[in-house]
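Asker: This note's numbering runs 10 ahead of the 1-based position in the sequence shown.
Cβ coordinates follow ideal geometry from the N, Cα and C atoms, glycine included.
All values reported here derive from a predicted model rather than from experimental measurement.
The following block contains the structure, expressed as structure tokens.
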Amino acid sequence: MAKTSAVEKNKRRRKTVATQAAKRAALKATIMNQELPIEERFQATLKLASLPRDGSKTRIRNRCEVTGRPRAFYRKLKMSRIALRELGNLGKVPGIVKSSW
Numbered sequence: 011m012a013k014t015s016a017v018e019k020n021k022r023r024r025k026t027v028a029t030q031a032a033k034r035a036a037l038k039a040t041i042m043n044q045e046l047p048i049e050e051r052f053q054a055t056l057k058l059a060s061l062p063r064d065g066s067k068t069r070i071r072n073r074c075e076v077t078g079r080p081r082a083f084y085r086k087l088k089m090s091r092i093a094l095r096e097l098g099n100l101g102k103v104p105g106i107v108k109s110s111w
């Protein structure tokens, strides 16, 4: 079995989340509906547990679009602080100006 990088694994998770989102939401709505009988809600819980774990949105890690770095991630720019600094110094990020005093 070939070893996959964390970046590729995260991309695969994003696809899984996109395909499983509607199914997971429907099962969660069934589980939370207090008007349904307990047996039906329990069956929905078992079905939700049998779905792939990578289908959960919380499994996705924010990663830098430039380097793939998982830490110090700026959500607005979708890049890490290091990539932001390098590209900002080169003037390749619109609206970012290096200041000095």
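Distance, Cα to Cα, S110 vs A93?
Answerer: Near 19 Å, if we compare the C-alpha coordinates of A93 and S110.
Asker: Let's test the definition: count the other Cβ atoms within 10 Å of the Cβ of L37 and tell me whether it reaches 16, buried, or not, exposed.
Answerer: L37 should be labelled buried.
Asker: Which one of T68, S60, F83 has the shortest CA to CA distance from R23?
Answerer: The shortest C-alpha separation from R23 is found at T68.
Asker: Grouping DSSP H, G and I as helix and E and B as strand, with all else coil, what is S60?
Answerer: The answer is helix: DSSP assigns S60 an H, G or I state.
Asker: So who's on the other strand from F83, going by DSSP bridges?
Answerer: For F83, which the question treats as bridged, DSSP gives the partners S90.
Asker: Going by beta-carbon coordinates alone, are T29 and D64 separated by less than 8 Å?
Answerer: Not closer than 8 Å, so no.
Asker: Output needed for R51: all residues of its chain with C-beta closer than 6 Å, excluding positions within five of it in sequence on either side, in chain order.
Answerer: Answer for R51: I41, listed in chain order.
Asker: For the segment 67-84 and the segment 13-22, state whether three or more C-beta atom pairs, one from each stretch, are separated by less than 8 Å.
Answerer: They touch, by the three-pair rule.
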